[in-house]
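**Q** First residue of the sequence shown: 42, per this note's numbering; consecutive thereafter. C-beta atoms are modelled at their ideal positions from N, C-alpha and C, and glycine is treated no differently.
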Amino acid sequence: MHSAISEAPTRGPLHDDYAVTAEFYDVLQAEHDETRVRGLYGRDVADARVGVLDVGAGTGRVTVMSLGESHVGVHAVEPARAMRASLMTRLTALSRDMRERVTVHPHVLEEAALHEVADVAICHNTIACLPPETRRALWPALARALVPGGSLVLELPPSRLPDGDVVRTFPEQTIGRHVYGGHMVMSAVDDRIRTRCHYWVREAEELLTQHTETFWMWPATRATVLGELARQGFAPLPPRKDPAVLAVVRERS
């Protein structure tokens with residue numbers, strides 16, 4: 042049996058984060074996430090007329106959905122090498138037409154220096170993972186990347202710290218003779234949320250391998266995020282059905 046433990050840094054993601062999670066994410070979570078992102082953002086990307094910007098693209102669920110639902114160029118921003126490797130593998134399986142419409146940026150958005158490339162920006166499962174100073178630095182970069190009148194749709198961070206440990210079990214998945222599984226534990230540590238992901242692979246009753254990877258999240262209320270965005274020229278759009286989603290528009294000068 043092989044066991045590995047990877048601890049993510051305590052202040053902000055590095056470009057080599059997610060080395061463990063990237064291996065297991067598509068197996069354990071992607072099917073559920075694919076359905077969710079289509080429900081949350083499908084109509085937004087279908088209405089895009091300039092381009093779609095996917096910030097924190099991960100393994101590519103929003104990116105691929107955007108390519109299928111729109112006819113515009115898509116910019117996928119993903120600084121983590123392990124996640125980007127899965128993203129690139131997924132993109133190579135697409136048609137030539139789709140591949141020609143997508144550009145993958147191996148940097149954080151501030152370093153990608155994109156200017157008015159999109160009228161729709163999506164931040165799915167991303168904002169919570171940014172320390173407050175990094176989150177605030179993202180908003181002006183998003184304002185620059187969007188055309189005036191463009192919309193930003195994001196998944197909000199948790200609004201507060203959890204009262205106790207919150208456990209989410211991933212549904213087991215079978216691939217050949219092996220069964221994959223795991224769970225995630227969220228707990229409060231000072232002003233942050235520690236998210237510890239445990240993964241395992243089993244054959245029959247034998248545990249073949251297990252891994253643990255830890256990430257950090259920073260709570261922020263809807264009012265806090267809206268206030269930060271307002272200072273960068275964003276105004277709120279009508280509330281979405283899912284309260285975890287916030288939509289804003291870049292106001293025209």
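Name the residue from A87, A261 and Y59 whose alpha carbon lies nearest to the alpha carbon of V119.
**A** It should be pointed out that residue 119 corresponds to Glu in this sequence rather than to Val. Nearest C-alpha to E119: Y59.
**Q** Tell me the DSSP bridge mates of Y221?
**A** DSSP, once it has assigned bridges, lists Q214 and V242 as partnering Y221.
**Q** Are the Cβ atoms of A184 and Q273 separated by less than 7 Å?
**A** Contact flag set, yes.
**Q** Could I get the ranges of all uninterrupted beta strand (DSSP E) runs contained in the segment 52-120, with 3 residues as the minimum, in chain order?
**A** Those beta strand (DSSP E) runs which fall completely within the segment 52-120 and span 3+ residues are 92-96 and 114-118.
**Q** Taking the straight line between their C-alpha atoms, what separation do you get for N297 and D231?
**A** No information on residue 297 is available, as it lies outside the stretch 42 to 294 that the chain covers here.
**Q** Taking A180 as the reference, which of H112, Q251, K282 and E151 has the closest Cα?
**A** Here residue 180 turns out to be Trp, not Ala, going by the sequence shown. The shortest Cα separation from W180 among H112, Q251, K282 and E151 belongs to E151.
**Q** On the premise that V103 lies in contact with V188, defined as a C-beta separation below 8 Å, what is that separation, rounded to the nearest angstrom?
**A** With a Cβ gap of about 19 Å, V188 and V103 do not count as contacting.
**Q** Would you decide whether D67 is buried or exposed? Buried here means 16 or more other CB atoms lie within 10 Å of its CB.
**A** D67 should be labelled buried.
**Q** Is the beta carbon of P277 closer than 7 Å to that of L289?
**A** Looking at the sequence shown, residue 289 is not Leu but Val. Yes, the pair counts as a contact, with Cβ atoms nearer than the cut-off.
**Q** Excluding sequence positions up to five away, which residues of its chain have a Cβ less than 8 Å from the Cβ of Q214?
**A** So the qualifying residues of the chain are V68, L69, V220, Y221 and G222.
**Q** R291 lies in the beta strand (DSSP E); which residues open and close that run?
**A** Residues V286 to R291.
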